[in-house]
Amino acid sequence: MSSLFSKIIERAEEVSEEKEFDAVVIGAGIAGMEASLDLADMGYSVLLIEKEPTIGGKMFLLSKVFPTLDCASCISTPKMAAVAHHPNITLWTYSEVLKIRRDSERGYVLRVMKKPRFVDESACTGCYTCEEVCPIDVPKELDFNLRARRAAYIPFDTAVPKIAVIDIDNCILCGKCERECPVNAINFLQKPKIYTVKAKSIIIATGYNLFQAEKKEQYGFGTIPNVVTSMQMERLLSPTRPFNHVLRPMDGKEPASIGYVLCTGSKDRTVGNPICSQVCCMYSIKQAQLILGALPLADVTIYYMDIRAYGKGFEEFYNQAQAMGVRFIHGRVAKVEKGEGGSVKVKYENIDEGGKLETAEHDLLVLSVGLLPNCEITKVFNGISLSLDEFGWLLSPDPTNPVKTNLEGVFAAGCSTGPKDIPDTVVQAASAAAECAAYLKKVNIIAEER
Amino acid sequence: MTKLTAQELRDMLNIKIPERLAKISKEQATARTKIISAISDRPKTIPEISEEIKMPVEKVTWNIMTLYRYGVVEPVEKTDEGYYRYRVRK
Ligand SMILES: Cc1cc2nc3c(=O)[nH]c(=O)nc-3n(C[C@H](O)[C@H](O)[C@H](O)COP(=O)(O)OP(=O)(O)OC[C@H]3O[C@@H](n4cnc5c(N)ncnc54)[C@H](O)[C@@H]3O)c2cc1C
Ligand code: SF4
Ligand code: SF4
Chain A
361 MSSLFSKIIE
371 RAEEVSEEKE
381 FDAVVIGAGI
391 AGMEASLDLA
401 DMGYSVLLIE
411 KEPTIGGKMF
421 LLSKVFPTLD
431 CASCISTPKM
441 AAVAHHPNIT
451 LWTYSEVLKI
461 RRDSERGYVL
471 RVMKKPRFVD
481 ESACTGCYTC
491 EEVCPIDVPK
501 ELDFNLRARR
511 AAYIPFDTAV
521 PKIAVIDIDN
531 CILCGKCERE
541 CPVNAINFLQ
551 KPKIYTVKAK
561 SIIIATGYNL
571 FQAEKKEQYG
581 FGTIPNVVTS
591 MQMERLLSPT
601 RPFNHVLRPM
611 DGKEPASIGY
621 VLCTGSKDRT
631 VGNPICSQVC
641 CMYSIKQAQL
651 ILGALPLADV
661 TIYYMDIRAY
671 GKGFEEFYNQ
681 AQAMGVRFIH
691 GRVAKVEKGE
701 GGSVKVKYEN
711 IDEGGKLETA
721 EHDLLVLSVG
731 LLPNCEITKV
741 FNGISLSLDE
751 FGWLLSPDPT
761 NPVKTNLEGV
771 FAAGCSTGPK
781 DIPDTVVQAA
791 SAAAECAAYL
801 KKVNIIAEER
Chain B
64 MTKLTAQELR
74 DMLNIKIPER
84 LAKISKEQAT
94 ARTKIISAIS
104 DRPKTIPEIS
114 EEIKMPVEKV
124 TWNIMTLYRY
134 GVVEPVEKTD
144 EGYYRYRVRK
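If you're matching them up, the sequences are chains A and B in order. Going by our numbering, the first sequence opens with residue 361, and the numbers climb by one from there. Going by our numbering, the second sequence opens with residue 64, and the numbers climb by one from there.
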C-alpha cells in the first residue's frame, strides 16, 4: 500500500521561475555549513540543501567533542544560526535533490523538491502547541528512538529553522494541531514544490551513515535489552538528553557497570566494511570519561582490538581515561547474551591473557558503531557519474587534492569522502570552499571574456 | 466554522486512517492515563509502576521518559538501587 506521503508527492507542483546560484551545497552537517559560510563570506551566492527538517547533521546531536571536551551543541548552534542569517545563503531544509545534469553553458541544472511541512514556515513561531496536543507518539529519530516525539513536532529545541513539521505518514488527520495552533500556521493542503536551480558549482557534503548494529546479530542490539549504540549513548550524555540522567533504556536504572565494544561494524569483512572508522576509539574514550563525570562510581570497560589515538592530544586523552580508572581489555567480543535483571553478558577472547575465553557482566553495553558511506546522491546525476572508491565513499582522481571529484565544478567536503573527525571535516570543508571559489573565479573570467 | 484543512485533505484524497495508527493512539492514551494515575498518590520507580499496572518495564520507561520530556512528570529522588522515583509535575 502506498503511503500518504507518496500520494501527496504525486501532487507536486512545478515552480516556473528558475533560481540561480554560484554554488549549491548538498548536506547541512558541519561540513556543508562550513563550506557554505566560507563561500558566502567571499561574496558568492549559495543554496544550501538539507534533506532533514533541521540543519546541523550529526554534530549537533553529540554530547561533547574529543579531546577538548567542548560542548558540541555550543559550537554548532552559533554556526547553524550564522548559516540561517547569512544574506548570501539561501537555506532549503526538508528538501531533496531529484536530478542533476550538466549544462554546457551554465554549469549544472538541478531539480529540487521542497517537501511540505504542512506548516506555513513564515507564520510558525515554534511554540510547541501542535506537538503538545497531538495524540500520536512516534519513535524520535534524532534521539535514536530512546523516547517518542509526536506526529506534529519540532525536531529539536535548538533546531534551525525552529519550525514544526507534520509527519503525515503517522498522522491520523484528527485536526487537533490545526485547531489549536495560535497563528493558524497548519495547512494540510500544502503541496511539494519542484524547483529548477542553475548552479555554476556543487559541493557534496552528505556525510556518513551509521553502521546498523542489528547486522552484527551476535551483539544483540534490538534483541537484548540494554544493548545500545554509541550514538544513543551520545544522546544519553548530551545536555539535551532524552532521559533525566544517564539511565538504562530498559528500566531507567542508573548503570553501575558499562561495557564498550569497539569496532562494531568497522575493520570487519563479515559485514562488508574492512576499513577503520577513525573516530570510534576516541569517541568511546570520550564517552567513558563523560560517564565517569556523570556517574563517578561506575565501572567502565572498553573491549578493543587496537586503540588508534593518532591525532593531536589523542594519546594523552587515552592516558587520561586510564588514569581515571577506565579499564581497557585487549580482546575481541565473540558473543553477547542476556543476563539476569537486565544485565548483559559479554563473552570475549582476552588476547593479553593468551586468548583465554572470559565472560563479564555489565548493566549496559555500548556498541561503538562505525561510519559507512552515504553516497545515495550519486544516483541523481543524470548522464554523468561521480566516481566512488572501492568502499563506496566519494573518490578524488587527484591524490594531491582530496576535495576534487572527477566532475568539473563538483567538490566534496567532510565525511562524504571517508570517515573523519570534526576538525578534519572542517579543514576539508574550508578547502572545498577555497577550491570552489577558485573555480568560480575562473568560470566568471571566462564568461566575461566571451 | 470553516472546514479544517485536515478534513479537506481526507475528503480530497479519500484517506482512510490506517488501523495501526488508530490502535497506537488508543493504546498510548490508555498507557499514559494508567502511568499517571499510578504515580498520583506517591512518586514511584519505573519497576514499581510496571509491577502495579502490569505493563512491561520497557514500555513504562519509554512512556515515562516521553512524559518527562513533555514536562508532565519529573524525577524526585533516587533509590539505593539506582532507580529514580517520578511524580506528576505540579
Ligand atoms: C557516536 C559518534 C560520536 C562522535 N564524536 C565525535 C567527537 O567527539 N569529535 C569529533 O571530532 N568527531 C566525532 N564524531 C564524528 C563526527 O560526527 C563527524 O566528523 C561529523 O559529523 C562529520 O560531519 P559531516 O558534515 O561530514 O557529516 P554529517 O554530520 O553526517 O552531515 C551530513 C548532512 O547531510 C545531510 N544529507 C545527507 N544526504 C543528503 C542528501 N541527499 N540531500 C540533502 N542532505 C543530505 C544529512 O541529513 C546531514 O545533515 C562522532 C561520530 C559518532 C558516530
Ligand atoms: S502550534 Fe503552530 S505556531 Fe506553534 S509550533 Fe505548531 S505550527 Fe508552529
Ligand atoms: S492532525 Fe495529525 S499531526 Fe495534527 S494533532 Fe492530529 S495526528 Fe497530530
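For every residue, glycine included, the Cβ atom is placed at its ideal position computed from N, Cα and C.
May I ask whether a heavy atom of ligand 2 can be found less than 8 Å away from the beta carbon of residue i?
i	result
T518/A	no
C796/A	no
I369/A	no
Between residue i and ligand 3, is the CB less than 8 Å from at least one heavy atom?
i	result
P495/A	yes
I78/B	no
C531/A	yes
R510/A	yes
A69/B	yes
K87/B	For the sequence presented, residue 87/B should be read as Ile rather than Lys. Checking every heavy atom of ligand 3 against the Cβ of I87/B, none is found closer than 8 Å.
C641/A	no
C534/A	yes
Applying a beta-carbon distance threshold of less than 7 Å, which residues of chain B neighbour residue i?
i	result
D611/A	I109, P110, V120, T124
P413/A	None at all; the shortest Cβ gap to chain B is about 18 Å.
N530/A	L84
Please list the terminal residues of the continuous alpha helix (DSSP H) segment that includes residue i.
i	result
S88/B	82–101
Y643/A	640–654
K122/B	120–132
T489/A	489–493
A683/A	674–684
F771/A	Element bounds for F771/A: not the alpha helix (DSSP H) but the beta strand (DSSP E), 770–772.
E594/A	590–597
If you run the structure through DSSP and keep just helix, strand and coil, what is residue i?
i	result
H690/A	strand
V803/A	helix
K536/A	helix
A441/A	helix
I415/A	coil
N77/B	coil
K780/A	coil
P110/B	helix
R471/A	strand
Y513/A	strand
Exposed or buried, which one is residue i when buried takes at least 16 other CB atoms within 10 Å?
i	result
M593/A	buried
M393/A	buried
L607/A	buried
H722/A	buried
E736/A	exposed
L408/A	buried
Q578/A	exposed
R152/B	exposed
V543/A	exposed
P779/A	buried
L451/A	buried
Q550/A	buried
M75/B	exposed
Cβ of residue i within 8 Å of any heavy atom in ligand 1?
i	result
C537/A	no
V729/A	yes
L570/A	yes
D503/A	no
V139/B	no
Y468/A	no
E736/A	yes
Since residue i meets chain A, which of its residues come closer than 9 Å, beta carbon to beta carbon?
i	result
I78/B	L364, K367, L533
A101/B	The contacting residues do not exist; A101/B stays about 14 Å from chain A at best.
T68/B	F478, G535, E538, I546, N547, F548, L549, Q550
I116/B	The premise fails here: I116/B is roughly 14 Å from chain A at the closest Cβ pair, so nothing lies under 9 Å.
Run through chain A and tell me which residues come within less than 7 Å of residue i, C-beta to C-beta.
i	result
P106/B	Residues of chain A passing the Cβ test: none, with the nearest at roughly 13 Å.
I98/B	Those do not exist, as I98/B stays about 12 Å from chain A at its closest Cβ, beyond 7 Å.
R73/B	L533
T129/B	D497, R507, A508
Tell me which residue opens and which closes the beta strand (DSSP E) that residue i is part of.
i	result
A508/A	508–510
A559/A	553–564
D104/B	It is not in any beta strand (DSSP E) - D104/B carries neither H nor E in the DSSP assignment.
Using the beta-carbon of each residue, which ones in chain A are nearer than 8 Å to residue i?
i	result
R132/B	R507, P602
I want to verify the contact list: residues of chain B whose CB lies under 8 Å from the CB of residue i, in sequence order.
i	result
I689/A	Near I689/A there are no residues of chain B at all, since even the closest Cβ is about 24 Å away, more than 8 Å.
K585/A	Checking the displayed sequence, the identity of residue 585/A turns out to be Pro instead of Lys. Simply E121.
A616/A	G145
E492/A	Y133
Interface residues of chain B around residue i at Cβ under 9 Å?
i	result
A654/A	Going along chain B, no residue has its Cβ under 9 Å from A654/A, so there is no contact; the nearest lies around 13 Å.
Q.
Considering only heavy atoms of ligand 4 and the C-beta of each residue, which residues fall inside 7 Å, strictly closer?
A. In the structure on display, ligand 4 does not appear, and the ligands it does have are ligand 1, ligand 2 and ligand 3.
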